[in-house]
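S.K.:
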Amino acid sequence: MMYNLKEKHWYSKLLLLILSIVVGISSEGTTIKFQSLTTSDGLSQSTVKTILQDQSGFMWFGTQNGLNRYDGYEFTNYINNLNDSNSIEGNNINQIIQAADGLIWIATDKGVSSYSPHTLKFKNYSVLKDKLLSVQSLLELDSAHLLVIANNKLFKLNISTSTFSLFWESVNYQINGVELFNSTIYLATDKGVLRSKSVQEANFTSVSGIPENQKVIGFKQYQQVLYSYTSTGIYNLNEKLIFALYRDFSEEFKASNAEISVVHVDRKASMWIGTPNSGLFRYNLKTSKLDRSTHSSNMSTSISSNTVLSLTTDKTGILWVGTRFGINKFDSERQNFNHYQIIAGNDQIDNSKVWTIYSKELPIVWIGGDNGLSKYNILTNEIATYQPNINKGAGIFSIAPTKNGFWVGTEDGFKRFDTIKKTFEDYYHPKNKSRTYAIKVMDNGEVYIGNRQGLLRINTSGKIDHFFDQSDGIKDRVKANVVRSITTKEGDTLWLGTEEGVVSFHTLRINPFRYRIAKPQIKDDFITSLWMEKEELWIGNTSAGMYGYNLITRKIRNVSENEGLSNNAINSIIGDDNDNLWISTNKGLSRYNIKSGLITNFSETDGLQNNEFNSGAGFKSANSELFFGGIDGFNVFTPNQIAINRNPPEMVITGFNLFNQKVPITEDGILQQSISETKHIDLDYDQKVIAFEFASLHYSNPKKNQHAYMLEGFDDDWVYIDNSRVATYTNLNAKTYTFKVKGSNSDDIWSEPVKITLTIHPPIWATWWFRTLVILSVLSLIFFYYRSRLKRVKQQKKILEAQVKHRTIEIIKQKEEVEVQKRLVEEEKEKTEKLLLNVLPKETAEELKNRGRAKARNYKRATVMFTDFAGFTQIAENYKPQDLVAKLDSFFIKFDEITAEFDVEKIKTVGDAYLCAGGLPIRNKSNPIDTVLAALNIRKCMREEAAKMEAKGEEPWELRIGIHTGDLIAGVVGIKRFAYDIWGDTVNIASRLETACEVGMINISGTTYEAVAEFFECEYRGKIPAKNKGEIDMYYVHGVKPELSENEDGITPNEAFEHYVNLKLYSNINYRNAEKYIIKRLGDELPEGLYYHGIHHTKDVCESVERLAIWEGVRGEELYLLKTAALFHDAGFIESYESNEPIGAQMAKEMLPSFGYTEEQIELVITLIEATKVPHNPQSHLEELMCDADLDYLGRNDFYPKAETLKQELMKFGKLKSAEDWDHLQVKFLTMHKYFTKSAKSRRDPEKQKRIIELKEVLKKYEKNG
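Per the working numbering, the very first residue in the sequence shown carries number 33; after that it's consecutive.
#1: Could you tell me the distance, in whole angstroms, from the CA atom of ILE428 to the CA atom of ASP298?
#2: Considering only the alpha carbon of each residue, which of MET1264, THR1263, PRO1278 lies closest to LYS1270?
#3: Since I believe CYS948 is in contact with ILE993 (beta carbons under 8 Å), could you give me their beta-carbon distance rounded to a whole number of angstroms?
#4: Based on the DSSP secondary-structure assignment, which residues constitute the bridge partners of GLY533?
#5: Could you tell me whether the segment 363-371 touches the segment 397-409, where touching means 3 or more Cβ pairs closer than 8 Å?
#6: Secondary structure at HIS1091, three-state DSSP: helix, strand or coil?
#7: Hey, how far is the Cα of GLY951 from the Cα of TYR1225?
#8: Check the C-beta distance from LEU186 over to TRP200 and give it rounded, since I have them as a contact under 8 Å.
#9: Comparing C-alpha positions only, which one of ALA902, VAL836, ASN672, ASP1220 sits nearest to GLU365?
#10: If you drop the 5 nearest sequence neighbours on each side, which residues of the same chain put their C-beta closer than 7 Å to that of LEU569?
#11: Flag ILE1110 as yes when its Cβ comes closer than 7 Å to any non-hydrogen atom of the ligand HEM, and as no otherwise.
#12: Near ARG1139, what residues of its chain come up, given a Cβ to Cβ distance below 7 Å and the 5 sequence neighbours on each side ignored?
#13: Should ARG314 go down as buried or exposed, given a rule of 16 or more other Cβ atoms within 10 Å for buried?
#14: Tell me whether LEU1153 is buried or exposed, calling it buried when 16 or more other Cβ atoms sit within 10 Å of its Cβ.
#15: Taking the alpha-carbon of SER1274 as reference, which of LEU171, GLU1144, ASN123 has the nearest alpha-carbon?
#16: Taking SER493 as the reference, give the member of ILE481, GLU744, ASN483, GLY477 with the closest Cα.
#17: Please report the distance separating the alpha-carbon of ASP1266 from that of LEU1238.
#18: Compute the Euclidean distance between the alpha carbons of GLY529 and GLU522, then round it to the nearest angstrom.
#19: To the nearest angstrom, how far is the alpha carbon of LEU560 from that of SER328?
#20: I need the straight-line Cα distance from SER148 to ALA1163, nearest angstrom please.
#21: Assign SER1168 to one of two classes, buried (16 or more other C-beta atoms within 10 Å of its C-beta) or exposed (fewer than that).
#22: Between the Cα of GLU457 and the Cα atoms of THR434, ASP718, ALA470, VAL473, which residue gives the shortest distance?
#23: Please give me, in chain order, every unbroken run of the alpha helix (DSSP H) with length at least 4 that falls completely inside the segment 1147-1180.
#24: Evaluate the contact criterion for the segment 720-727 versus the segment 680-695: three or more CB pairs, one atom per stretch, below 8 Å.
#25: With distance defined between alpha-carbon atoms, name the residue in GLY143, LYS153, VAL180, LEU152 nearest to LEU165.
#26: What does the alpha-carbon distance come out to for the pair LYS300 and LYS321?
#27: So TYR1068 is in the beta strand (DSSP E); what residue range does that whole segment cover?
#28: From which residue to which residue does the beta strand (DSSP E) around GLN127 run?
#29: From the DSSP output, in three-state form, read off LYS940 for me.
#30: Would you mind listing the beta strand (DSSP E) stretches within the segment 342-389 that are 3+ residues and don't spill past its ends, in chain order?
#31: Buried or exposed: which applies to ASN383, given that a residue is buried once 16 or more other Cβ atoms fall within 10 Å of its Cβ?
#32: Less than 8 Å between the C-beta atoms of THR617 and ASN599, yes or no?
#33: What separation, rounded to the nearest whole angstrom, lies between the Cα atoms of THR686 and MET1183?
#34: What does the Cβ neighbour count give for ARG467, buried or exposed, with the cut at 16 atoms within 10 Å?
#35: Would you call the CB atoms of SER215 and LEU226 closer than 8 Å?
#36: For a test of the three-state rule: what should DSSP assign to ALA983, helix, strand or coil?
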C-alpha cells in the first residue's frame, strides 16, 4: 500500500511503540507514581469501567455497581432506587459521555439514563418498551440524536421524543464501539472497521488496512487523526490514507498476554495503552520513549491493578486510570517524590523503619533500620537484609562507604560490613560500646565516628583514637558526650552536633576544639542535624527549627514555623544544587531557598513516605539525588523535578444551606436550578442562618487545596480557610450582597473567584417607603383635622349670623303660610299614596280569587330597585297638591310601562319613592340584567323629561336609583286591604343604595355588579355600611357596553347582547369564577416592578378582546374562550419574566378543568395564549383577535401613559438604558406592528399612525441636538 513519504518517519516512531512493548514486555514497572482511590474512599465499587470529566470540572466514574461523582474530597454515589423514578436506571455502568448542551448520558445494563447538571435529576430511556437491554456504548450524533449500541444493534435515540429507532444491525458483525470523525460514522467490530459517510442513513462499508478478522476494540482521536486499536495493534485511519502501522505481534508478545484494552492520548503527546492483565504502557509520540507501569505489592504508589479498563486526562493534565481495583491518578506536573516501602515477605526480616540510607548508584539502595542492613533494588523490589550481633540489638543508625563494604553504626558501636563476604567485622575499643549516630569519612582516609560516648577516630593505619568526652576536662567547650551529627568545612575542620550545642573541631591542631554554639545563641541546643552550605552552617534541633550560622560574620539566623517551616523538630538537612535546603521534620518535608527565604512544604499527600521522618536519615548522592527515610520507608527524588503545577482549579459552588439544611431545587423555591448555575438568591428577613458550600476542582493533591471567600457588603477582606469548604453567615442585615469564593491548587496557584448575589429583603415595617408613608399620614391627619375644625367653626358662625339676621324677621310672616301649604301637601300626598297602594300582581290576584288568600314565597335570587326624587320636599313646596300628584302620577305611569317591558314587577310607591323587583313572582335567571335595563330606561325617560322642563323654564325633577340582588320574601299578608309586598335585607340594602346615590345616577351593589358586569359599563365608587351586613361595594352603571348596544347608544341592547346573555346564563363554562381565581392569584403573586404587565394589563386585554370579538361578530362560547386566554396570557410573569407564555399556558391547562372547561376548549385557550408571543403570527381569526387585543392600546388615546409604564418596566429589568433608546424602539416597533382584524384596522390603526408621526418628530429633535 502506498503512503506519504513525509509521514513515514512519524509512523516509524509509532511502530517502535509496538516493537518496544515486545522487547520490554518482561521488564518491571517504571517509577511512575500513582495515587489510588478505592471503596474505602467512598467509591461505590472497585471495577471502574468508564471515566468522564464534565464541563464544570467534576470527575465521573462508572463501575459495575453504581455511578460516582468526585470533587476531590468525597464521592457522591448514584445507585438505582426502585422507589424513586428520578434515580438512575441501572447500576452496571458501561460508558459516560457529556453532550454539548451539558447533559450527561450514561449507558447502563438496563438502558440509557441522562443526568441534568441544572436540575440534578436523572431521566431514563428504555431501548425497547417491553424489555430492558444492556447498553454498551453511546455517541452524540448531533444536538438532537444519540447513537446507542445495545444487543449488538445500533439504535438512534431521538432526544426530544425519547424514542429509539433501529439504525443498523447485521448478524455478520459484533459491534464493539462507535465514533464520529469528519462527519463519518465508524464502527469497531470483530471483523475490522466499518464506516458510513452518511450520518442520516446507515450505509456501512469495510475499511481496509487492518488485518482480516481482527477484533477492533475502539477508537481514539488525536490532532485530527483517528486511531483504531485491536487487542494487538494500533492503526491510523485517514480519509486519504489507510495504513496499518503494525500488522501482527510476535508470538512472544502474544504468549505474554499483553493485549490492548484501552488507548488514550494526552496533551503532552503521550499515548497511554491499557491492557487486560499486563499493566499500563506509556509511549511518547515525540521522543519514542516507552515505559510501563505494573502493580507492585511493595509500592503503595504503583498502579493498583494490572487490569486497566478506562483512561482519560482531565483539564489540568492529570491522568485517570480505571482498573479492576479502583481508580489511579497520575499528575506529571506534580512533585516526583518516589516512595519505596521495605515490605518483607513471610520468611524475611521487617526493616521498614529507615534510620540511615546510602546509594552509590540507583537502583541499589542500602538502608539501615531497626533490624539490620538491607540491600534494596527499587526496580525489582528484591530485598536482602543482614544483621549484626542481634543479642545487643540489630539496629543500624549510620552508614558510610569504604572499600568493599560499609562502615555502619549499630546499637553497640560501629562495625565494618563486607559486601563480598556478607559479614560484619567488630572493632573493639572502650569507647565503642554505644549507639553510633554519625560516621564521616575524610578525604585522607580518616574516619570520624560520633556516638553516645563522644568522638572516635580511625586513622589511616586503622588505629582507633578517642578524642573527647566530659572527662577530658574541656567542659567549657563540650558539654555532652553524645555526638549525633558531623559535617566538614575545607577538609580539616569538623563541626559536631551534640545534645548540648555545636562544637568546631580542627583535626590538625593541638587544641582541636575551637568554638561552641549553644544556648542562649540558639533556643534549643539538642542538635539533630548539620549541613554546610558555602560559608554558612545550618543546624537542626529538636524544638526550635533550623539555625543558619555564618562562618565569616558569626551571625545566626533562625528559620522556624513562624517563617513557614512545616515543623520545628528537625531530623535532617540536605542541600541541593540550586541554593535550596531540604529539611525533613516530624510533620513533613520543607524546601527552603537560602537566597529568597521562600519556603515550600510537602506532606504525605504529596507522596512522602509519611509526615514523620527519622533523625539522621538523609543523604545526597553523587548524582544529586536526595534520599530521606522515615517510619514507613524512604523517598528518592531529583530536586529539579519537583515542579509547581501552575494550572488553577475550577471553582464551583456546590451547595447552599438554610438553617443547616441543604436547600432543595424546586420550581418556586429559593433554588430553581443547581446552585453552581444560580446567579442570584432572594431571602426573607427571617431566613438568618445561611451557608455556602464549595470546592476547588483540582485533583493533583486536593487535601492541600486552599479556599478563600468574601461576602461583599459584610466582609472587609478575603477570609482564608485553608482546606475547609464551607462559609457560614448569621443575622445578616437586609440588603444585597455578593458572595465570592476562590481556590488554589496544592501549589498555591489561585483561581479567579466565582460569584453569586444574595438579596435579603426587609420586613414591610422596616422599608423606607412604609416609614415615610406613616409619617406623611400622621402629618396629613393633623393638618386636615386642623383645617376641617377651623372651617367648621367659621361656617357655624356665618350660619348663626344669617339665621339671626334674616330668619327672625321672616319666621313670623311665613309661619302661617307654611303651615297651610304643609297641610295641603300632606293631604294630597295621602290621597296619592292611597291611589298607588294595594296593587297586586296578576298571579297573586288569581291566588287570592281561587283560595281566598295568597301565600308569601321565598325567592333566593331577586333584584330590588328603589327610585326616589331628590329634594322632593322642596319640589312640593312649589306645586299645588293636585299639580304635584298629577306630575308624580305621570312619571310613575312611565315607570310602570318600562318595568312591564322588562318583566320587572312593580311593588308599590311610597310618597315619591318607587319600589319594584325583578325575578318575581315568576322566577328567572336574568332578573339582575332585566332590572338594570329597566333602570337605564327610567333614567333615560327622566333625562328626556328634564330637558322638556328646562326648555319651559321649569326646575327639572332629578331621580336617584338604587339596586341590589339577593334573597327576599314576597306575597300578601293579612286579610284586609290586600297589598303585594316584599320583605328582607335585600329591600333594605336597595333602599340604602338609593340614599347613597347621586342624582341622575344608578347605584348598584357588588352582588348585582357580579351578575351584570360583563354587559354594562360600571364604575366602582367605594363601600357603604349596611346593617348586619358590614360594608358592601357600590358601582355606578353608566350604560350598556357600546359594542353590545344599538348604535353604541348604551341603552338599547343589540343582538350580540342577547347572545352574550344567553351564553352567560346557559353555558357550562364557569368563566366568572375562573376570572375571580386568576385575578386574585395575579394580585397576590405577580412580582414588583411590572409597571406594564401588571394585573391592570390583564384586565385591559380582557376588555379589549371582548370588545373586538363582539365587533367581529364572534358568538357563543368562543367569546368566553378568548377572554379566558386573555386572563392567562401573562400569568407566567408570576414565575419568569422571560418566555412567560408557556408558563401561563401550563397554568391554564392545570386550572381550567375545575371550572367546567373541556379538553378541546383548554387546547384552544393554550393555542390563543401562545399566539401572543411577539412577533405575532396568528393562524386563525381567534388568534388575530388575541394579537390585536394584546396591543390594542397602540391605537388608543391612552397610548402615551401605557407606553410610559412599559418603559419604566423595561428599565427596571435592565432591558433598556435611556429615554432616547426607548423612542427609537417605539418607532421601530410601531412601524413593524400591524393589526389583523378589520375592526382593529378601522378603529385603531389611524391613531397608531398618528403616534408614529409624533414619535418620529421626537427622533428628529435627538438628531438635531447631536
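Ideal Cβ positions, reconstructed from N, Cα and C, are used throughout, including at glycine.
M.R.: Judging by the given coordinates:
#1: CA-CA distance, ILE428 to ASP298, rounds to 45 Å.
#2: Here the closest residue by C-alpha is PRO1278.
#3: 10 Å between Cβ atoms; not a contact.
#4: In DSSP, GLY533 forms a bridge with THR530.
#5: Judged by Cβ distances under 8 Å, the segment 363-371 makes no contact with the segment 397-409, as fewer than three pairs qualify.
#6: Look at HIS1091 here: in three-state DSSP terms it is helix.
#7: Counting only the Cα atoms, TYR1225 lies some 40 Å from GLY951.
#8: Indeed they touch by this definition, with Cβ atoms about 4 Å apart.
#9: With distances taken between Cα atoms, GLU365 lies closest to ASN672.
#10: Sequence-distant Cβ neighbours of LEU569 in its own chain, meaning closer than 7 Å and more than five residues away, are TRP527, LEU562, TYR581, LEU583.
#11: As far as ligands go, the structure on display features none, and thus does not contain the ligand HEM.
#12: For ARG1139, where only same-chain residues beyond five positions count, the Cβ hits under 7 Å are GLU1075.
#13: In the assembly as shown, ARG314 is a buried residue. Its beta-carbon has 16 or more other beta-carbons within 10 Å.
#14: Burial call: buried.
#15: Per the Cα distances, GLU1144.
#16: It is GLY477 whose Cα lies nearest to the Cα of SER493.
#17: Contrary to the premise, residue 1266 reads as Lys rather than Asp in this sequence. Whole-angstrom Cα-Cα distance: 19 Å.
#18: Take the alpha-carbon of GLY529 and the one of GLU522: they are about 18 Å apart.
#19: According to the sequence as given, residue 560 is Thr; it is not Leu. If I take the Cα positions, the gap works out to 34 Å.
#20: For the pair SER148 and ALA1163, the Cα-to-Cα distance works out to about 27 Å.
#21: Exposed, because fewer than 16 other Cβ atoms sit within 10 Å of the Cβ of SER1168.
#22: For the residues THR434, ASP718, ALA470, VAL473, the minimum Cα distance to GLU457 belongs to THR434.
#23: Taking only runs of at least 4 residues, the alpha helix (DSSP H) segments lying wholly in the segment 1147-1180 are 1149-1160.
#24: Taking a cut-off of 8 Å for Cβ pairs, the segment 720-727 and the segment 680-695 touch, as three or more such pairs fall below it.
#25: Selected option, being the one with the closest Cα: GLY143.
#26: When rounded, the distance between both Cα atoms is 13 Å.
#27: In the DSSP assignment, TYR1068 falls within the beta strand (DSSP E) that extends over 1062-1072.
#28: If you look at GLN127, you'll find it in the beta strand (DSSP E) that goes 125-130.
#29: Strand, per DSSP.
#30: Runs found: 351-355, 358-362, 370-372.
#31: Answer is buried; the Cβ neighbour count reaches 16.
#32: In terms of Cβ geometry, THR617 and ASN599 form a close pair [threshold 8 Å].
#33: In this model, THR686 and MET1183 are separated by some 36 Å (Cα to Cα).
#34: It counts as buried.
#35: Judged by beta-carbon spacing, LEU226 lies beyond the 8 Å limit of SER215, meaning their Cβ atoms are not closer than that value.
#36: In the structure shown, ALA983 sits in a helix (DSSP, three-state: H, G or I).
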